[in-house]
Every structure is written in structure tokens, then in C-alpha cells.
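These notes concern the structure reproduced below.
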Ligand SMILES: [Zn+2]
């Protein structure tokens, strides 16, 4: 569902919203782009959209791994605006069960994944591209929610936000080989790696995608890989929502590194725990 937030258009997943306030931003929010003059303000807009003080939105320095940051429960005093910010900790999964805090990730093609526990109110935001999925970010996020906050997978809801789709995401043989080495099964590789692009009415392949297969290349379905990992972690399949919007296909609204290179901005996925 598209919503209009103060700072621009955003996406909200209706069933997830019932469990936790959240949003996926669009290109209108000047996050992470070189062209953006005021990134801090853009992140403040994300916090404001969740009705949070900007200092209460936890973010991490994302490194394409599966390290977890648990956003602490104590209420730290908000630093004055002019205080230089401490460097963000390295992590690609951020958890919280503190309703005074939000957690956020940024992505431009990788999956922004948001999870909420409708029983305890705990939440997770995670970032996963092919490297993150190869080290099982979705499974790690669910396991850590269980360990930190007692979450039961049957109580969880997950939303897979805009990310590059099988219409556009061409990868090399090395990527597929990494999944084989990581222990994923032949049937999983068969479902996640396709020999040609798979566009749809909703997601046309971007113009630079070759219509026919290039030797040693595959089209990777991040959405299927993320969904299946969430299912293997125990989330019921009907509580996993995939927005199915490809970042590379939608130049007007979404940010794509594959399409725009270093000029690409970033989309935020942000969520706030509930009491
Ligand atoms: Zn696409």
C-alpha cells in the first residue's frame, strides 16, 4: 500500500502495520545519495514518520554480513545536534523490543526486510543482498529475535521491501557457486537462479538487460531466496509479504545501484517496536 508521508511517498505493508509502525521509503527521500545535500535531515524525516525523535532511530554500518545489533533498551539522552556522531557499528540486522526506538536499514537493490512479533512487539530490520542471503541473514534475524526477546516464529510477520527482481538481477556463476558451497540444496538453487530474465507486467526488465542468456550468467530471485529462508526459520508462509517491486525496473520511484551506479540514492526500511 502506498502512503503519503510528510517527506514523500512511502510503502506500508498493511498486515505488518497492525503489528508495528513501519515504512519503506522511495526515491523522493534523499537518503545516501551523493547529490543529497542534507542526509541527516532525510533520516530525521524517516524517524519523524515513525513518530520518533531522530536520535531514537538505530542504524548500522552495513557490511553485507549477518552480524546483529541489538538496539539497547535504556533511554540515552539525545545528543545535541552539533555533536559529531559516533561511527555506526558494523551490522546488517538490527533488533529492538523498545517502543521508544526504531530500527532502520538502507538499500539500493538489496532486500530491506522488516519483521514484527505480534505477540511481544519486538521488531527487526535487516539488509540482505546476495552476500547476505548466502550467509542466511533472514534465518539469523529470526533466530536472534527468539534468543533475545523470546519471539516464536509462528507469531512473526515479515515484509520484503522493494529490491532488484529476477527481471533485472543478472549475476555471475561465482554467485551461484557461493550458494552451492554454503550448503543450499540443488532444488533451492534451481528455484533461485534462472537462465534468463523473468519480467512481469509489474516489473519490466530494465533496458540494459540482455533478453537472452549470457554464458556463465544467471538471474537471481532475491525474493524467493528471502521468502524461503524465512519459511525455513519457521514463519508461516501466509505471514510473509513480498511487495514485488523491482528497484531497477522503477526508475521514477525507486533507487537502484545496478541501474544508477554510484549516483544511486538509498531506500530506507524502518520499523518501531510496540508495547
Ligand atoms: Zn527489474
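Residue numbers (my numbering): 3 to 277.
Every residue, glycine too, gets a C-beta built ideally from N, C-alpha and C.
The model shown is predicted, which means the values in this text are computed figures rather than measured ones.
Residue i - partner residues in DSSP beta bridges
i, result
"residue 114", "129"
"residue 172", "221"
"residue 104", "59, 274"
"residue 98", "125"
"residue 243", "161"
"residue 269", "109"
"residue 71", "96"
"residue 208", "BP columns for residue 208 are empty, so no partner."
Rounded Cβ spacing between residue i and residue j (contact assumed at less than 8 angstroms)
i, j, result
"residue 104", "residue 270", "No, residue 104 and residue 270 are not in contact; Cβ-Cβ is about 10 angstroms, not under 8 angstroms."
"residue 62", "residue 93", "4 angstroms"
"residue 246", "residue 190", "Not a contact, Cβ separation roughly 20 angstroms."
"residue 202", "residue 169", "7 angstroms"
"residue 267", "residue 32", "6 angstroms"
"residue 51", "residue 20", "Wrong, their Cβ atoms sit about 17 angstroms apart, outside the cutoff."
"residue 140", "residue 232", "5 angstroms"
"residue 155", "residue 235", "6 angstroms"
DSSP-derived helix/strand/coil call for residue i
i, result
"residue 251", "coil"
"residue 31", "coil"
"residue 203", "coil"
"residue 119", "strand"
"residue 109", "strand"
"residue 16", "helix"
"residue 139", "helix"
"residue 25", "strand"
"residue 39", "Only weak support exists for where residue 39 lies, its pLDDT of 48 falling under 50; the coordinates are left without a value."
"residue 195", "strand"
"residue 259", "helix"
"residue 53", "coil"
"residue 264", "helix"
"residue 232", "helix"
Identity of the residue in the options nearest residue i by Cα
i, options, result
"residue 277", "132, 121, 138", "121"
"residue 158", "267, 145, 43", "145"
"residue 48", "156, 224, 230, 106", "106"
"residue 57", "67, 43, 68, 112", "43"
"residue 223", "162, 216, 240, 274", "162"
"residue 125", "23, 255, 139, 256", "23"
"residue 212", "183, 258, 221", "221"
"residue 205", "248, 172, 183", "248"
"residue 207", "188, 171, 226, 235", "171"
"residue 98", "89, 88, 116", "116"
"residue 118", "59, 143, 134", "143"
"residue 72", "140, 17, 66, 100", "100"
"residue 209", "217, 199, 218", "199"
"residue 60", "166, 137, 91", "91"
"residue 194", "261, 243, 132, 74", "132"
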